[in-house]
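Protein sequence lines correspond, in order, to chains A and B. Read left to right, the first sequence gives residues 1 to 210 (the working numbering). Read left to right, the second sequence gives residues 211 to 420 (the working numbering). Every residue gets a Cβ at the ideal spot worked out from N, C-alpha and C, and that includes glycine. So the structure is just underneath, and the comments pick up after that.
There are 2 protein chains.
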Amino acid sequence: MIQELKDNYGHLFEEGLLNEINQVGTFKEIPEGFKMMEIGQYVRAMPLLVSGAIKILREDGDGDELLLYFLEKGDTCAMTLTCCLGQTKSEIRAIAETDAKLIMIPIEKMEEWSEKYKSWRSFVFESYHNRLNEMLETIDSIAFLKMDERLLKYLLEKSRISNDKTIHNTHQQIAYELHTSRVVVSRLLKKLETLGKIELHRNSIILKDI
Amino acid sequence: MIQELKDNYGHLFEEGLLNEINQVGTFKEIPEGFKMMEIGQYVRAMPLLVSGAIKILREDGDGDELLLYFLEKGDTCAMTLTCCLGQTKSEIRAIAETDAKLIMIPIEKMEEWSEKYKSWRSFVFESYHNRLNEMLETIDSIAFLKMDERLLKYLLEKSRISNDKTIHNTHQQIAYELHTSRVVVSRLLKKLETLGKIELHRNSIILKDI
DNA sequence: CATTGGCAGTAACATTGGTTACAGATTTGG
DNA sequence: CCAAATCTGTAACCAATGTTACTGCCAATG
């Protein structure tokens, strides 16, 4: 494990902390689609993402979903942080967007390291900061953008995350994550294709000219 | 100052920390409508709210506003926290919703107290936690509710914050904060009045039967 | 290779919310 | 007290999005 830890967090954490993480952290590999966290569930450990991407989703009472943001390498789940500390239930769902590797930290260490290591405090604060900004981004999108702009933004983000010009998704899946209907997504995608921005295939969309 | 500090934070912070706050914090009273923070501005101090309410607003490039949430007594501004630590610009606007009193903490103390006082760490983490949850609430409203439900929720929140069944606002102001148009607000308010939920007057709305 | 199920395209329609325009009421300021 | 500004109500219309329904296409499977 020490190698992936060094590669991703070596520049962030001091030596002592890296050693502690190495000792108490457990390495974990999860496959694409794996549900890491469900709404209402309690959290027992804090994940440090070393590779891959995790999507964070919100759901209302009627089962309507909405994609909030993605976590990437070097990120941790701020929601989990607060859940750990407050012993509250998760407000969100987390699903592996790609295959991913992580290091799980037992929650008892959270408080201990916060006192002991400045770099840990900085990391935690920084994580919160990033997550709040991601949430603002999300709010901007929902509140200020039209569905076609949101869709395009979504496709670009998806492509960036997976480092692939081709997005492997059905229209229905996209509709869930944007909280709209399949028909609307099909309609707007067709318009984007007409504009030459994308190419549509069964189960996949290729980004062009962007 | 010591009295308002004790009343609001006495149960949260240990004695030593309270003393330090008392020494380095400066007391401040601000009137309703006072703009405490503008988008793009740098942050020099961290506010602890001891009375009143602050509204936090987001704006897009075209000047369209959106109310994110309110801060109340005992709260602090998590956005400010991250700005202090990261030395980044504010992403939001903060305006006093009512007359308010606060204690301003110089940002240098942030890191120092985070190391020294467990209760300070807890407070900061808790603040982040609360703010993330407020943001989730906001996202839920925008994403999952129709405008009439959002409007009603807004009125209730507004009433709760000011502890007053009467909301002193024009339809135009409400429209700004919900990011819609005056005509739409008037239309929906009229519907709510017909349903017997509110009573409309010039410059004010009275909540009934809720 | 025939059947089944999932996926995408499209039309027709309904609903929500945004826009424009104007009128009447009330307040404010000179 | 009069003129101007502000606030609200309302109608008519438009644009964006959501819904229903049906079609053909493709892929997997026995």
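In this structure, how does DSSP classify B:V253 when only helix, strand and coil are distinguished? In the second sequence, the residue the question calls residue 253 of chain B occupies position 43. Coil at B:V253, not helix or strand.
Residues, ordered as in the chain, of the stretch 137-153 of chain A that lie near chain B by beta-carbon distance below 8 Å: T138, I139, D140, I142, A143 and F144
In three-state DSSP terms, what is A:H179? For the purposes of this step, residue 179 of chain A is taken as residue 179 along the first sequence, with counting starting at 1. A:H179: coil per DSSP, three-state reduction.
So is A:F125 in contact with chain B if we call contact Cβ pairs under 8 Å? Residue 125 of chain A sits at position 125 when you count from the first residue of the first sequence. So yes, A:F125 belongs to the interface.
Tell me whether the beta-carbon of A:Q41 lies closer than 8 Å to the beta-carbon of A:K89. Here residue 41 of chain A corresponds to residue number 41 of the first sequence, with the count starting at 1. Here residue 89 of chain A corresponds to residue number 89 of the first sequence, with the count starting at 1. For A:Q41 and A:K89, yes; Cβs fall inside 8 Å.
I'd like the list of long-range same chain contacts for A:K158, defined as Cβ closer than 7 Å, with 5 residues on each side in sequence excluded. Here residue 158 of chain A refers to the residue found at position 158 when the first sequence is read from its first residue. Closer than 7 Å at the Cβ level, and outside the excluded window around A:K158, lie I167.
For B:S337, which residues from the same chain have a beta carbon less than 6 Å from its beta carbon, with the 5 sequence-adjacent residues on both sides left out? Locating residue 337 of chain B in the second sequence gives position 127, counting from the first residue. The residues are T286 and A288.
Helix, strand or coil at B:T376 according to DSSP, with G and I counted as helix: Counted from its first residue, the second sequence places residue 376 of chain B at position 166. Note: B:T376 maps to strand in three-state DSSP.
Can A:A100 and A:S162 be called in contact, C-beta distance under 8 Å? Along the first sequence, read from residue 1 onward, the residue named residue 100 of chain A stands at position 100. Along the first sequence, read from residue 1 onward, the residue named residue 162 of chain A stands at position 162. No, these two residues do not count as a Cβ contact at 8 Å.
Assumed close pair B:I315, B:G226 - CB separation to whole angstroms, cut-off 8 Å: Taking the second sequence and counting its residues from 1, the one referred to as residue 315 of chain B is at position 105. Taking the second sequence and counting its residues from 1, the one referred to as residue 226 of chain B is at position 16. Their Cβ separation, rounded to whole angstroms, is 15 Å, which puts B:I315 and B:G226 out of contact at 8 Å.
Count the other CB atoms, across all protein chains shown, that sit within 10 Å of the CB of A:N203; report buried if there are 16 or more and exposed otherwise. To locate residue 203 of chain A, count along the first sequence from 1; it is residue 203. With fewer than 16 Cβ atoms within 10 Å of its Cβ, A:N203 is classed as exposed.
Please classify B:E307 as buried or exposed, where buried requires at least 16 other C-beta atoms within 10 Å of its C-beta. Numbered from 1 along the second sequence, position 97 holds the residue referred to as residue 307 of chain B. Burial call: buried.
Assuming A:H171 and A:R182 form a contact by the criterion Cβ under 8 Å, report the distance between their Cβ atoms to the nearest whole angstrom. As a working note, residue 171 of chain A is residue 171 in the first sequence. As a working note, residue 182 of chain A is residue 182 in the first sequence. Contact flag correct, Cβ pair sits at about 5 Å.
The stretch 109-123 of chain A touching the stretch 326-335 of chain B, judged by at least three CB pairs closer than 8 Å: yes
Where A:F27 sits in the DSSP three-state scheme: Taking the first residue of the first sequence as 1, we reach residue 27 of chain A at position 27. Three-state DSSP puts A:F27 in a strand.
Rank A:D164, A:H179, A:K153 and A:Q173 by C-alpha distance to the C-alpha of B:I349 and give the top, closest one. One-based indexing of the second sequence puts residue 349 of chain B at position 139. Minimum Cα distance to B:I349 is reached at A:H179.
Among B:F244, B:L228, B:Q233 and B:P257, which one has its Cα closest to the Cα of B:K283? Residue numbering aside, residue 283 of chain B sits at position 73 when the second sequence is read from its first letter. B:K283 has its Cα closest to that of B:P257, out of B:F244, B:L228, B:Q233 and B:P257.
Residue(s) in a DSSP beta bridge with A:E59: Taking the first sequence and counting its residues from 1, the one referred to as residue 59 of chain A is at position 59. Bridge partners of A:E59: A:E65.
Taking B:R254 as the query, report the chain A residues whose CB atoms sit under 8 Å from its CB, ordered along the chain. As a working mapping, residue 254 of chain B is identified with position 44 in the second sequence. In chain order: nothing, as chain A lies at least about 17 Å away.
Chain-order list of residues whose beta-carbon lies under 7 Å from that of A:I206 (same chain, five-residue window excluded): Reading the first sequence from its first residue, position 206 is the one you call residue 206 of chain A. Excluding sequence neighbours, A:I206 sits near K165, T166, I198 and E199.
Closest residue to A:A94 among A:L151, A:L189, A:E59 and A:N8 (Cα-Cα distance): Along the first sequence, read from residue 1 onward, the residue named residue 94 of chain A stands at position 94. The option with the nearest alpha carbon to A:A94 is A:E59.
Any beta-carbon of chain B closer than 8 Å to the one on A:E238? The structure shown does not extend to residue 238 of chain A, since chain A spans only 1 to 210, so no value can be given for it.
From B:I313 to A:E4, what does the alpha carbon distance come to, in whole angstroms? On the second sequence, position 103 is the one that residue 313 of chain B refers to. On the first sequence, position 4 is the one that residue 4 of chain A refers to. Computed Cα separation, rounded: 44 Å.
With DSSP as the reference, label A:R160 as helix, strand or coil. In the first sequence, the residue the question calls residue 160 of chain A occupies position 160. Here A:R160 sits in helix by DSSP.
Chain B residues whose Cβ lies nearer than 8 Å to that of A:R58: On the first sequence, residue 58 of chain A is found 58 positions in, with the first residue counted as 1. The contacting residues are L346, I349, D350 and A353.
With A:R202 as the anchor, note down where its beta strand (DSSP E) starts and where it stops. Residue mapping note: residue 202 of chain A aligns to position 202 of the first sequence, counting from 1. First-last for A:R202: undefined, no H or E at that position.
What is the DSSP secondary structure of B:F280, counted as helix, strand or coil? Along the second sequence, read from residue 1 onward, the residue named residue 280 of chain B stands at position 70. It is a strand residue.
Could you tell me whether the Cβ atoms of A:E134 and A:L67 are closer together than 8 Å? Within the first sequence, residue 134 of chain A is the residue found at index 134, counting from 1. Within the first sequence, residue 67 of chain A is the residue found at index 67, counting from 1. No; because the gap between Cβ atoms is not below 8 Å, this pair is not in contact.
Would you say A:I56 and A:I30 are within 8 Å of each other, going by their C-beta atoms? Indexing the first sequence from 1 puts residue 56 of chain A at position 56. Indexing the first sequence from 1 puts residue 30 of chain A at position 30. Not a contact, by the Cβ cut-off of 8 Å.
Element boundaries [alpha helix (DSSP H), containing A:K101]: The residue labelled residue 101 of chain A in the question sits at position 101 within the first sequence. From DSSP, A:K101 is part of no alpha helix (DSSP H) but of the beta strand (DSSP E) over A100 to P106.
Listing by chain order, which chain A residues have their CB less than 8 Å from the CB of B:M289? On the second sequence, residue 289 of chain B is found 79 positions in, with the first residue counted as 1. Correct list: L132.
CA-to-CA distance, B:N232 to A:E32, given in whole angstroms: As a first step, residue 32 of chain A must be located in the first sequence, where it is residue number 32. As a first step, residue 232 of chain B must be located in the second sequence, where it is residue number 22. If I take the Cα positions, the gap works out to 52 Å.
Keeping to the same chain, check which residues put their C-beta closer than 6 Å to that of B:I212; ignore five residues upstream and five downstream. Counting from 1 along the second sequence, the entry for residue 212 of chain B is found at position 2. Same-chain partners within the cutoff: N232.
Verify whether the separation of the beta carbon atoms of A:A143 and B:I352 is less than 8 Å. Looking up residue 143 of chain A in the first sequence gives position 143. Looking up residue 352 of chain B in the second sequence gives position 142. Yes. Within cutoff.
B:G271 to B:Y279, Cα distance in whole Å? Stepping through the second sequence from its first residue, residue 271 of chain B is reached at position 61. Stepping through the second sequence from its first residue, residue 279 of chain B is reached at position 69. Computed Cα separation, rounded: 20 Å.
According to the neighbour-count rule (16 or more other Cβ atoms, all chains shown, within 10 Å of its Cβ), is A:I174 buried or exposed? Along the first sequence, read from residue 1 onward, the residue named residue 174 of chain A stands at position 174. Flag for A:I174 reads buried.
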